[in-house]
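For the sequence shown, the positions run -23 to -1, 1 to 338 when mature numbering (1 follows the signal peptide of the UniProt record, and there is no 0) is used.
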Amino acid sequence: MKKILSIALAAAMVFSMSAASMAAQKPRSTRKSATSVETDYHNKSNQLIPGIYDAVGPFAYDVNDDKKLTEDPVEYGETAYYVLTDKDGTGITNSDSVDGLKIKAKWEEGDKLVKGVTIAKKKVTNMMGTVIPAANRYYYMLAVTVADSNSTSDADVIGTLTLNKTKSPKVKELKLAIDLNVNWAHSYLDSSGDYIVSDDLSDIKAEKYYSLKFDSDDTVELEFEDGSTFTVDVSGQGKTLVYFDTNFNSRLAAKYPLAELNFWNGNGAKFNRTGEFFLSASNYDSKVFLYELKSDGTLSEVASAEFDDKDEGFYFRTRALGSYVVSDMELEAGPADSGEAGTVTPVVPVVPVNPGTGAAA
């Protein structure tokens, strides 16, 4: 039933929409001032120990390779790395250069997003110009860890880090400017452009926010991690926030202790046109029933739904990705103020951006 899915890159659209936010991510020098930086210190063995003169960043690590440094945008919940450099702009590799280094942070914007600033010794397997001239070596960096967030827009972290070091090579009042634009995962603002959808989109993960922009005047299929799909004509469709999870609703289960219940919780993402939703419902040995869990906590039977034994799931028509309950026994639905068994208070995982009315036959 499923076909091979692909996502096309729409580079021109990415740059036109996100040039401002992505520009802040380009790694660059951060040095503002330094009252005193000791850059030519030799130890007792006459070994040159380079002093810290600057920092270049922000960098991130590749999501598929935790030792490959990249210029990708730093996302919520990740760490921005600034490579400490000597006076020649080369990354620091000697531990004596950072021994005793103290950091003081002063944030002008985004201070609540910063979980902490530390000195990190990180291995880098790829070269990055003059700042990382040799691969497969350990370099010293400033690590600015960003808090996780459910935000669906980018944010700025702006401030100054002041470095001091009394041990040789000494550093006094070295001020580094931090101007970090924090992006978020699965967004069309991402420089990769993966979520500017011009074809089908596969592997939508549970409990993740996806901000999609549709560059298509045709029908596309959105395939979710659990095997469910939504096929819809996206002509003229605007930016759409999509989210789902399969979290168990214990409050509803308490109303029906004898029923085997499974849940598909959407965020009410609304589409311009009615599409076909396939809700995967495998591992049932008997007749199954499908209900929609409304935003007011009531259950409503999805009258148009048809169960396909071969595909093991329900097909029905809808414009919105609502929340659904699959049950092995018939449940009693009722109005929100009736006090009947069908009335529950749902556990809502996210606040919907586009609250939907649910399935429409």
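Heads up, the beta-carbon is just placed ideally off N, CA and C, and yes, glycines get one too.
query: In whole angstroms, what separates the C-alpha of V123 from that of E52?
result: The count along the sequence shown starts at 1 and reaches residue 123 at position 146. The count along the sequence shown starts at 1 and reaches residue 52 at position 75. Spanning the two alpha carbons is a distance of roughly 8 Å.
message: At the level of alpha carbons, what is the spacing between E48 and T95?
response: Taking the first residue of the sequence shown as 1, we reach residue 48 at position 71. Taking the first residue of the sequence shown as 1, we reach residue 95 at position 118. Roughly 20 Å separates the two Cα atoms.
- request: Put L308 into one of helix, strand or coil per three-state DSSP.
  value: Locating residue 308 in the sequence shown gives position 331, where the first residue counts as 1. L308: coil per DSSP, three-state reduction.
message: For a test of the three-state rule: what should DSSP assign to Y165, helix, strand or coil?
response: Position 188 of the sequence shown, counted from the first residue, corresponds to residue 165. Here Y165 sits in coil by DSSP.
task: Could you tell me which uninterrupted beta strand (DSSP E) segments, each at least 3 residues in length, are contained entirely in the segment 131 to 217, listed from first to last along the chain?
output: 132 to 142, 148 to 160, 178 to 181, 187 to 191, 196 to 201, 206 to 210
message: So for D73, helix, strand or coil by DSSP?
response: Here residue 73 refers to the residue found at position 96 when the sequence shown is read from its first residue. DSSP places D73 in helix when its eight states are reduced to three.
- prompt: Is the Cβ-Cβ distance between V159 and V108 less than 8 Å?
  reply: As a first step, residue 159 is located in the sequence shown; it is residue number 182 there, counting from the start. As a first step, residue 108 is located in the sequence shown; it is residue number 131 there, counting from the start. Contact: no.
Cα-Cα separation between F36 and S175, rounded to whole angstroms: As a working note, residue 36 is residue 59 in the sequence shown. As a working note, residue 175 is residue 198 in the sequence shown. Cα to Cα, F36 sits roughly 29 Å from S175.
query: Just how far apart, CA to CA, sit F201 and F207?
result: Mapped onto the sequence shown, residue 201 falls at position 224. Mapped onto the sequence shown, residue 207 falls at position 230. The straight-line gap from Cα to Cα measures roughly 8 Å.
Sequence-distant residues of its chain with Cβ nearer than 6 Å to D314 (five each side left out): Walking along the sequence shown from the start, residue 314 turns up at place 337. Note that D314 has pLDDT 41, beneath the 50 cutoff, so the model's placement of it is unreliable and the number below is only indicative. For D314, where only same-chain residues beyond five positions count, there are no Cβ hits under 6 Å.
query: Residues bridged to E283 by DSSP?
result: Indexing the sequence shown from 1 puts residue 283 at position 306. Answer is Y292, bridged to E283.
query: Where in the segment 28 to 87 do unbroken runs of the alpha helix (DSSP H), each at least 4 residues long, occur, reported from the N-terminal end onward?
result: 72 to 75
query: Span of the alpha helix (DSSP H) holding A230?
result: Position 253 of the sequence shown holds residue 230. First-last of the alpha helix (DSSP H) with A230: 227 to 232.
task: Between the Cα of S205 and those of G274, Y220, G213, spot the shortest distance and give me the residue it belongs to.
output: Residue 205 sits at position 228 when you count from the first residue of the sequence shown. Nearest option by C-alpha distance: Y220.
- prompt: Taking the Cβ atom as the reference point for each residue, do Y38 and V14 lie within a distance shorter than 8 Å?
  reply: The count along the sequence shown starts at 1 and reaches residue 38 at position 61. The count along the sequence shown starts at 1 and reaches residue 14 at position 37. In this structure, V14 does not lie closer than 8 Å to Y38 by Cβ.
message: Give me the residue from K98, K271, S145, T139 with the minimum Cα distance to N20.
response: Here residue 20 is taken as the residue at index 43 of the sequence shown, counted from 1. Here the closest residue by C-alpha is S145.
The segment 238 to 256 touching the segment 290 to 300, judged by at least three CB pairs closer than 8 Å: yes
query: Between the Cα of L218 and the Cα atoms of A162, L235, N224, which residue gives the shortest distance?
result: Translated into positions along the sequence shown, residue 218 becomes position 241. For the residues A162, L235, N224, the minimum Cα distance to L218 belongs to A162.
message: Quick check on K185: buried or exposed, where buried means 16 or more other Cβ atoms within 10 Å of its Cβ?
response: As a position in the sequence shown, residue 185 is number 208, starting the count at 1. Answer is exposed; the Cβ neighbour count stays below 16.
- prompt: Looking at C-alpha atoms only, which residue of Y233, I181, A282, Y172 is the closest neighbour of V216?
  reply: Counting from 1 along the sequence shown, the entry for residue 216 is found at position 239. The amino acid at residue 216 is misidentified as Val; the sequence shows Lys. It is Y172 whose Cα lies nearest to the Cα of K216.
message: Assuming contact is defined by CB atoms lying nearer than 8 Å, are T137 and K152 in contact in what I supplied?
response: Counting from 1 along the sequence shown, the entry for residue 137 is found at position 160. Counting from 1 along the sequence shown, the entry for residue 152 is found at position 175. Cβ atoms of T137 and K152: closer than 8 Å.
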